[in-house]
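All remarks here apply to the structure that follows.
Chains as they are written, first to last, in my numbering: chain G, 91 to 411; chain U, 91 to 411.
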């Protein structure tokens with residue numbers, strides 16, 4: 091019985107039974123529509139790189155609300171933190187979306203759904219209700235503006251641009267895309283931690299390379315910053331004071347109970363920082379930092395995929411192309 | 091009896107009695123030494139602008155540890171959050187330093203002591219034990235380097251400088267200094283909230299003016315930044331999307347469950363920001379924003395008190411002059 095379910099392989103036949111026993115032909119048409127919608131807006135889990143809704147979850151959402159349009163109407167009202175169940179609610183669980191598995195009440199069918207994927211789905215449902223359009227199911231391909239136009243737009247924005255490319259590892263697409271996401275987040279975190287403010291990031295790939303593209307509020311930073319030391323009363327304060335006593339930019343001073351000192355930033359140039367720090371940035375395992383090439387500013391505009399660059403400068407949803 | 095104490099006026103005779111009954115001539119000499127030390131290092135509450143140790147608190151600390159040097163030895167081990175009592179510990183209280191009043195056990199004699207004043211006292215005690223020196227009690231006056239030297243030092247630092255002067259209000263010194271501190275903190279907060287990174291701040295005054303001096307990592311900021319909107323699922327998200335739909339720097343996008351947009355900073359110049367925002371910055375009540383003059387960069391170097399500028403670039407403790 092479902093009470094003894096242990097693994098996803100154990101569970102699969104129960105899932106199939108549940109769907110068959112709770113749908114008629116009309117509802118199965120609506121499920122197909124829901125899956126097409128999820129694919130079109132880029133939230134379907136089976137698609138690469140979305141951290142999204144599985145096929146089974148699409149089926150359950152449609153069953154729960156009795157059809158595609160009813161489901162879209164309800165989901166347009168969802169919030170991050172929404173809890174849904176059909177048969178029975180199990181133990182309290184946390185996540186952007188909690189959807190209790192009707193055949194295993196202590197499992198969250200939506201555990202893979204990222205907060206931003208859920209937000210996109212909610213937003214798409216709202217937009218669809220206002221303006222139902224074929225593009226939600228069959229989005230157009232975004233076309234790239236001419237190269238000169240992108241260069242002019244970048245110059246007008248006057249921002250920093252950093253393009254990193256890596257050899258594409260020979261692994262299955264789902265795994266690759268998870269690792270590209272992880273790498274994008276890791277580099278973004280590094281940039282922010284060194285004071286480079288990331289405005290937006292995009293990633294992409296072709297047969298040979300994976301690319302990470304970052305727009306920064308500025309490619310370079312001012313020379314000086316404040317560096318926080320230990321609280322005044324701790325043992326290690328002595329070492330900090332000794333180290334900084336002859337500091338070129340002034341002695342340590344007390345701020346909010348800690349020693350603080352004005353000093354030179356370790357890196358004022360984003361490319362130099364990444365070149366030095368990428369090896370311990372926490373990239374995806376299969377992404378080899380030794381294969382990295384760095385393209386900065388104009389070079390990044392010239393080298394980046396124009397569609398990725400257009401999406402960086404003006405992020406559109408798939409149904410808005 | 092002390093149990094019925096209500097106001098500080100009620101309390102004063104009990105304080106005087108307590109001190110007289112718990113000191114001999116030797117200990118009273120040590121109390122004078124402690125007060126001289128506190129004045130010298132700039133942590134004595136009766137001195138303007140220190141948010142520091144009252145005379146009564148100096149007396150109690152000396153009594154508690156049985157003399158000046160014993161007190162300094164113990165205070166060198168204090169931490170932010172230290173609790174001290176002589177007779178009896180009252181209700182738990184919070185603060186950088188809690189010193190239970192021996193004649194009113196639910197009062198903290200050290201409630202006015204700021205975290206940074208306490209930290210300075212701890213640090214001075216450590217330094218004094220390593221190198222007992224007359225300067226802890228009678229500090230030298232800091233001398234100003236020549237003007238050209240300060241200008242050269244600023245150019246080498248390549249930082250932003252902002253000097254604000256206000257008419258000196260005709261109020262008692264203690265009140266004035268509290269208001270100058272409040273104003274310094276308020277402007278610092280404004281600067282940081284608009285993205286101008288404050289490295290250090292100093293304040294000063296003469297017969298006619300009070301001055302606030304800020305060193306910034308940069309006087310100007312890059313043109314674009316990210317502006318966070320509401321969570322995707324809330325009602326007000328509609329308004330945010332409508333407002334930004336035709337944004338020059340790209341449509342809103344979803345990040346961490348919220349709408350976010352790349353847009354132009356409201357202010358890229360520190361002086362322009364302060365000029366526009368000073369009226370609702372939360373200055374001290376008696377400090378009139380209408381009397382403000384702003385001096386930027388070179389002008390700030392030329393106009394600022396050279397000692398204040400030297401202290402900004404290289405903060406020294408009074409016993410280090």
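Note that beta-carbon positions come from the ideal geometry of N, C-alpha and C, so glycine has one too. Bear in mind that the values here come from a model prediction, so they are computed numbers and not experimental data.
| query | result |
| --- | --- |
| Residue span of the alpha helix (DSSP H) that contains residue 290 of chain G, given as start and end | Unbroken run through residue 290 of chain G is the beta strand (DSSP E), 288-295; no alpha helix (DSSP H). |
| Any chain G beta carbon closer than 8 Å to residue 232 of chain U | no |
| Coil, strand or helix - residue 410 of chain G by DSSP | helix |
| For residue 143 of chain U and residue 156 of chain U, believed in contact at Cβ under 8 Å, the rounded distance | Not quite, the Cβ-Cβ distance comes to about 18 Å (not below 8 Å), so this is no contact. |
| Inter-residue Cα distance where the pair is residue 378 of chain U and residue 255 of chain U | 10 Å |
| For residue 105 of chain U, the three-state DSSP class (helix, strand or coil) | helix |
| Minimum C-alpha distance to residue 149 of chain U - residue among U:166, U:141, U:349 and U:127 | U:127 |
| Residue 305 of chain U - DSSP class collapsed to helix/strand/coil | strand |
| DSSP state of residue 319 of chain U mapped onto helix, strand, coil | strand |
| Cβ separation of residue 188 of chain G and residue 196 of chain G, assumed to be a contact under 8 Å, to the nearest whole Å | Not a contact, Cβ separation roughly 11 Å. |
| Residue 273 of chain G burial status per 10 Å Cβ neighbour count (16 or more: buried) | buried |
| 7 Å Cβ cut-off: residues of chain U touching residue 313 of chain G | 248 |
| Selected residue, minimal CA-CA separation from residue 165 of chain G, among G:176, G:113 and G:152 | G:152 |
| Cross-chain neighbours of residue 344 of chain G in chain U, by beta carbon under 8 Å | 206, 209, 210 and 213 |
| 7 Å Cβ cut-off: residues of chain U touching residue 169 of chain G | 323 |
| Cross-chain neighbours of residue 408 of chain U in chain G, by beta carbon under 9 Å | The premise fails here: residue 408 of chain U is roughly 13 Å from chain G at the closest Cβ pair, so nothing lies under 9 Å. |
| Residue from G:239, G:402, G:226 and G:322 whose Cα sits closest to the Cα of residue 294 of chain G | G:402 |
| Residue 184 of chain U, DSSP secondary structure in three states | coil |
| Residue closest to residue 348 of chain U, alpha-carbon to alpha-carbon, out of G:120, G:180, G:250 and G:186 | G:186 |
| Bounding residues of the beta strand (DSSP E) (the contiguous stretch that carries residue 349 of chain G) | 348-354 |
| Inter-stretch contact at 8 Å, needing at least 3 Cβ pairs: the stretch 213-227 of chain G / the stretch 378-390 of chain G | no |
| Residues, ordered as in the chain, of the stretch 327-342 of chain G that lie near chain U by beta-carbon distance below 7 Å | 339, 340 and 341 |
| Range of the contiguous beta strand (DSSP E) that encloses residue 386 of chain U | 383-386 |
| Which listed residue (G:372, G:125 and G:267) has its alpha carbon closest to that of residue 276 of chain G | G:372 |
| Runs of beta strand (DSSP E) lying entirely within the stretch 194-252 of chain U, each at least 3 residues, in chain order | 194-198 |
| Contact list for residue 198 of chain G against chain U, beta-carbon separation under 8 Å | Within 8 Å Cβ-Cβ: nothing; residue 198 of chain G doesn't reach chain U, min ~17 Å. |
| The beta strand (DSSP E) enclosing residue 310 of chain G, as first and last residue numbers | Neither: residue 310 of chain G is in no beta strand (DSSP E) and is coded neither H nor E. |
| Backbone secondary structure at residue 284 of chain U - three-state DSSP | coil |
| Residue-level contact to chain U via CB, residue 399 of chain G, 8 Å cutoff | no |
| C-beta atoms of residue 310 of chain U and residue 249 of chain U nearer than 8 Å | no |
| Exposure label - residue 191 of chain G; buried when at least 16 CB within 10 Å | buried |
| Residue 107 of chain U to residue 163 of chain U span [Cα, whole Å] | 27 Å |
| Partner residues on chain U for residue 403 of chain G, Cβ-Cβ distance less than 8 Å | 339 and 340 |
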